[in-house]
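Here's the structure, in structure tokens; my notes come after.
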Amino acid sequence: MNRSAQNRSRSLTIAVVTLAGLALAGCGGSSDDSKGSSSDSPSSSSSSSSSSSSSTPSNSPSKKPSEGTDGATPQPSSTPSTDSSPKPDQGQPTPTPETSTPQAEQNAPAPGSRSQRGNLVKGIGQPAVINGASGQPAATMVLNGIQNSPQCTAPYAGQPENGRFISLNMGVSTGSAADMQSVLNDDRFYFSEANWKFIGADGSVIDQPATVSTYSCIPPNQTIPLGIAPGQNLQGSVILDIPQQAGTLVYTDPVIHDGWEWQVQ
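Mind the numbering: the sequence shown is residues 737 to 1001 in my numbering, read in order.
Here it is in structure tokens:
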């Protein structure tokens, strides 16, 4: 074979080999791209993620209407209350509505307490008792209330001499004749306006607050009679004439040489 024929044969061989290599290279690239597309495609990844998400149970708790509204965070039922207000079962008194109480009741003295003058200190509604030999009351006095500047209703009523009238709403009761006799030396209790005295806040003393004007202020049937028999329970008024100032009313029984006192405004 001449040289020209050999060159053409060699060129054909090289061309065939080159085409075969290109064909093999093309098949390998297609296989790799297919594998990469299968594992890395966004649709596959999204599908896998969505599938995984739908198959995994949610960990967020579902809010019930009873656990809070208006965006409030529901609290666990086991959370202790932070309310610090006192409860009745904690020994705290239950608050009650405020009521208006007379000053004498607000400052009611302790039973048996005595003043610096030696008198038993009493408040409105507290009994002043004289006990008989049996231990039962021979006589009891109760000041139920004090009225400032009462209207005099008796004919020919006079004007106060010391400053103002006050009306004492009194209750007086007596025990048995034996008890009265044992301590009062009489079967009568002589409750008298003359046994009262007034001591002003400034130290001034009115030894006789019962005056002619006080005796003529109200009819006799509205007063307490002087000599009270055993077993009586009487109600009536005592009119006294005192200055225009606060102070202390003192009642002294001359038979037992003891007394009681009340505050007056």
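Glycine included, every Cβ here is placed at the ideal spot set by N, Cα and C. As the structure is a computational prediction, the values presented were derived from the model and not from experiment.
- As computed with DSSP, Q971 is found in a beta bridge with G907.
- For the set L976, V919 and I882, the Cα lying nearest the Cα of T910 is the one of V919.
- Secondary structure at L920: helix, using DSSP grouped into helix, strand and coil.
- Taking one beta carbon from each stretch, the segment 955-962 and the segment 853-870 have fewer than 3 pairs nearer than 8 angstroms; the two do not touch.
- Judged by DSSP secondary structure, T950 falls within the alpha helix (DSSP H) whose first and last residues are V948 to Y951.
- Measuring C-alpha to C-alpha distances from D922 to each of Q999, V991 and S851 identifies V991 as the nearest.
- Pairing F934 with A875 gives a Cβ-Cβ distance that is not under 7 angstroms.
- A Cβ-Cβ distance of about 6 angstroms is found for the pair G859 and P845, placing them in contact under the 8 angstroms criterion.
- L856 is positioned such that its CB atom lies no closer than 7 angstroms to that of W998.
- The segment 890-900 makes no contact with the segment 965-972, as fewer than three CB pairs between them are under 8 angstroms.
- Beta-bridge annotation (DSSP): D938 is not paired with any residue.
- Apart from sequence neighbours up to five positions away, the residues of its chain that approach M877 with a beta-carbon distance below 6 angstroms are A864 and V908, ordered along the chain.
- Residues P979, Q981 and G983 of the same chain have their beta carbon placed closer than 7 angstroms to that of G936, with the five preceding and five following residues left out of the count.
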